[in-house]
Amino acid sequence: MIPGGQPNMQQLLQQAQKMQQDLAAAQQELAETPVEGSAGGGLVKATVTGSGELQGLVIDPKAVDTDSAEETAETLADLVLAAVRDANASAQQLQQQKLGPLAQGLGGGGIPGLPF
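Residue 88 in full-length UniProt numbering sits at position 88 of the sequence shown, and the numbers go up by one each step.
Laid out in structure tokens, this is it:
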């Protein structure tokens with residue numbers, strides 16, 4: 001602070017710029033970090049980035065029942081949905097780990113657009 005109780009604007013701008021750089025670096029790291037979710041005891045696996053983008057989906061051939069195509073399709077749809085949700089939940093946890101400390105640096109009020 002400058003004498004007289006006024007904040008040092010240059011210092012505040014530098015802190016804001018550093019925080020912005022840290023946030024951009026954390027977001028880039030999230031975008032590059034794969035996170036996996038699964039369902040049906042591993043019969044279906046989904047891979048998303050830490051930012052929540054679906055990158056891959058693996059369905060074990062054991063999940064396919066050739067006797068009942070309709071039932072298999074419904075079961076696979078449920079398993080895919082569950083695996084993607086599981087992966088996204090892991091991605092959100094990763095976001096909180098990476099971005100949570102930055103949000104607290106902003107006064108703990110969170111960052112608009114982020115899930116915490």
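Glycine included, C-beta positions come from ideal geometry on N, C-alpha and C.
Exercise for review: Report the residue from A87, D65, A77 whose alpha carbon sits nearest the alpha carbon of L54.
Suggested key: Distance from the Cα of L54 is smallest, within the candidate group A87, D65, A77, for A87.
Review point. What's the gap between the Cα of M19 and the Cα of A31?
Key: Cα to Cα, M19 sits roughly 18 Å from A31.
Practice item. Throw me the rounded Cβ distance for the G50 and L94 pair, which I believe falls under 8 Å. Key: Indeed, because the Cβ distance is near 4 Å, the residues count as touching under 8 Å.
Exercise for review: Would you list, in sequence order, the uninterrupted beta strand (DSSP E) runs of no fewer than 3 residues that lie entirely inside the region 34-67?
Suggested key: Runs of the beta strand (DSSP E) lying entirely within the region 34-67, each at least 3 residues long, are 34-39, 44-49, 54-59 in chain order.
Review point. Alpha carbon to alpha carbon, what distance is there between V48 and E29?
Key: The straight-line gap from Cα to Cα measures roughly 13 Å.
Check your understanding: What distance in whole Å lies between the Cβ atoms of T72 and D65, which are believed to be in contact at a cut-off of 8 Å?
Key -> Rounded to the nearest angstrom, the Cβ distance from D65 to T72 is 5 Å, consistent with a contact under 8 Å.
Review point. Among the residues of its own chain, which have a CB less than 6 Å from the CB of Q27, if the five just before and after it don't count?
Key: Excluding positions up to five away in sequence, the list is empty.
**Study point:** Beta-carbon proximity list for A39, same chain, < 7 Å, skipping 5 on both sides
**Key:** Apart from sequence neighbours up to five positions away, the residues of its chain that approach A39 with a beta-carbon distance below 7 Å are L79, A82, A83, D86, ordered along the chain.
Practice item. State the Cα-Cα distance for the pair E13 and P7, rounded to the nearest angstrom. Key: Going by the sequence as given, residue 13 is Leu instead of Glu. Distance between the alpha carbons of L13 and P7 is about 11 Å.
Review point. Hey, would you say G37 sits closer than 8 Å to A24, going by beta carbons?
Key: No, the pair does not count as a contact, with Cβ atoms beyond the cut-off.
Review point. If we ignore side chains and look at the alpha-carbon of each, how far apart do D22 and G56 end up?
Key: Distance between the alpha carbons of D22 and G56: 28 Å.
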